[in-house]
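Using the working numbering, you'd call the opening residue of the sequence shown number 42 and step up by one each time.
Let me begin by presenting the structure, written as structure tokens, before commenting on it.
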Amino acid sequence: MAGHGGVSPFVKIFYIALNVFSACAIVFANKIVFKTFRFHFVTTLTLVHTLFTWVGMLLLARINFFTVKQLSPLAVAPLAIGYVGYIILNNLSLNLNTVGFYQILKIAIAPTVMLLDFILFKKVQTVRVMMSVFVVCLGVTAATVTDKVAVSNLTGMFVGLASVVVTAMYQIWAGSKQKELQANSSQLLLAYTPQAILMLLFMSPLLDDYGFSHRTPATVLGYEYTRQAILAIVISSLLGILVSLSTFLVIGATSSLTYNVVGHLKTILILAGGCLIFGEDMPWKRLAGIGLTMLGIAWYTYLSVQSSNAAERGRVKGHEAPSASHGIHGSHEREHEPLLPSKEGDGSVA
């Protein structure tokens, strides 16, 4: 892929627009599948998404977007288990919660990664980083307690919080596996998706009501698969591939700072879409909480980019950057790897 200097500004803008569109559209498409078409079979939908993702990654490898690396099935099996867990929980969270609350919880993944890094690996961040994360937590709390739907939906809140913790643990796990196996996220994803598909094939009939003995519209086999419903499911699956492709293009053609700013834009658009498309309320108190959250995330991003630049200068001079800075950068990279949530929100097939 061409470097930054070999891509025209027009092409860069196209890549960014494609990434913003696909990352926002997949959240709305999945919500439409759940809410409009009442396809509430989360594990089955996750299976369909994973099948499309696997085929999409094979095609991307075929056209040399990344190099395939042969990895031991046993070595990547734990990642397949983690992948299945976090994807199912994210889809279930989107099914049970509003788009706005779902997206706010996705923002909380980065602070959770930092907290787990401290608990599991004793990684201590700088005071400024901890302050930025504190601002994020304040904003998320304010946006949540002022969301009447979220507060009254205890099941959705519990599932959403569980998805944040499991996603953060998965990202830490995936990051350590990348170093251990010397493989990037795309190589790992292609290696463990076949195992994830097998697990989902086994889990789907157990977690979703397939209606083997009683086919009703509330079962997978009895569901009325209209053309519109099938099209919505296929579109949501194809958007997952498009998110992965556009993420590769944006990262390859721009800088990490650009990608972070684009990530904040996607968050704002998804929150706005929740109001405009699904009629979700946005009282001023909740809006203020979201604004505070975005301020904290912007501060955190600034510090992450600073630590990245410091690490790069250290490598050029033949010295390593301080361990605290490395901790910021490490979690930041995990947050934005293709098809490892983002939050993305978004880069996950959520």
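For every residue, glycine included, the Cβ atom is placed at its ideal position computed from N, Cα and C.
Quick caveat: nothing in here was measured; it's all calculated off a predicted structure.
Close Cβ partners of A66 (< 6 Å) along its chain, the five nearest in sequence each way excluded: L280
What did DSSP end up calling I402 once you bin it into helix, strand or coil? The question about residue 402 has no answer here: the residues shown for the chain are numbered 42 through 391.
Is the Cβ-Cβ distance between P114 and Q236 less than 8 Å? yes
With a threshold of 6 Å on Cβ separation, who are the neighbours of Y56 within its own chain once the five nearest residues in sequence on each side are excluded? L290, V291 and A294
Using DSSP with H/G/I as helix, E/B as strand and the rest coil, what is Y266? coil
Put Y124 into one of helix, strand or coil per three-state DSSP. helix
Between V170, R327 and M240, which has its C-alpha nearest V125's C-alpha? M240
Quick one: residues in its chain with C-beta nearer than 6 Å to the C-beta of G123, no 5 flanking neighbours on either side, listed in chain order? Y211 and W214
So does V192 have its beta carbon nearer than 7 Å to some heavy atom of the ligand NAD? Although the ligand NAD was asked about, the structure shown includes no ligands whatsoever.
Taking 6 Å as the limit between beta carbons, can you name the residues of its chain near S287, skipping five residues before and five after? L59, N60 and S63
Own chain residues within Cβ distance below 8 Å of G197, not counting five before or after: S134, L137, N138, F142 and A191
Mind pulling the alpha helix (DSSP H) runs of 4 or more residues that sit fully within the segment 269-327? 297-319
Same chain, Cβ closer than 8 Å to L161, five either side skipped, listed in chain order: I213
Between which two residues does the alpha helix (DSSP H) holding S254 run? Unbroken run through S254: none, as it is neither H nor E.
How big is the Cα-Cα spacing for G315 and P324? 13 Å
Apart from the five residues just before and just after A149, which ones in its own chain have a Cβ nearer than 6 Å to its Cβ? V181 and V205
Are the segment 171-178 and the segment 219-237 touching, with three or more C-beta to C-beta distances below 8 Å? no
Looking at the structure shown, is A224 part of a helix, part of a strand, or coil, going by DSSP? coil
For V52, name the three-state secondary structure that DSSP assigns. helix
Proximity below 8 Å, CB of I129 to CB of T87: yes
8 Å contact criterion, which L328 and T84 should meet: CB distance rounded: Contact flag wrong, Cβ pair sits at about 35 Å.
Using the Cα positions of V48 and L272, report the straight-line distance between them to the nearest angstrom. 34 Å
Can you list, in chain order, the residues of its chain whose CB lies under 8 Å from that of A118, leaving out five sequence neighbours each side? Y233 and Q236
Rounded to a whole number of angstroms, what is the C-alpha to C-alpha distance between I111 and V207? Looking at the sequence itself, residue 111 is Gln, so the reference to Ile does not match. About 27 Å.
Environment of A259 [buried if 16+ CB atoms lie within 10 Å]: exposed
Distance, Cα to Cα, Q219 vs F319? 38 Å
Write down the C-beta distance between V74 and I311 rounded to the nearest angstrom, noting that I regard them as a contact closer than 8 Å. Actually they are not in contact, since the Cβ atoms of V74 and I311 sit about 16 Å apart, beyond 8 Å.
Do you know how far the Cα of V261 is from the Cα of F82? 7 Å
Inter-residue spacing [alpha-carbon to alpha-carbon] between P363 and S217: The pLDDT assigned to P363 is 45, lower than 50, so where the model puts this residue is not dependable, and the model offers no usable value.
DSSP three-state assignment for S113, whether helix, strand or coil: coil
So, helix, strand or coil for Q166, using DSSP? coil
Once you ignore the five residues that flank F80 on each side, which residues in its own chain have a CB closer than 6 Å to its CB? V74
Cβ distance (whole Å) where L333 is taken to contact A183 below 8 Å: 6 Å
Taking 8 Å as the CB-CB cut-off, is T187 touching chain D? No chain D is part of this structure, which consists of one protein chain only.
Use the C-beta contact count for I54: other C-beta atoms within 10 angstroms, 16 or more gives buried, fewer gives exposed. exposed
Can you look up T185 in the DSSP assignment and give me helix, strand or coil? helix
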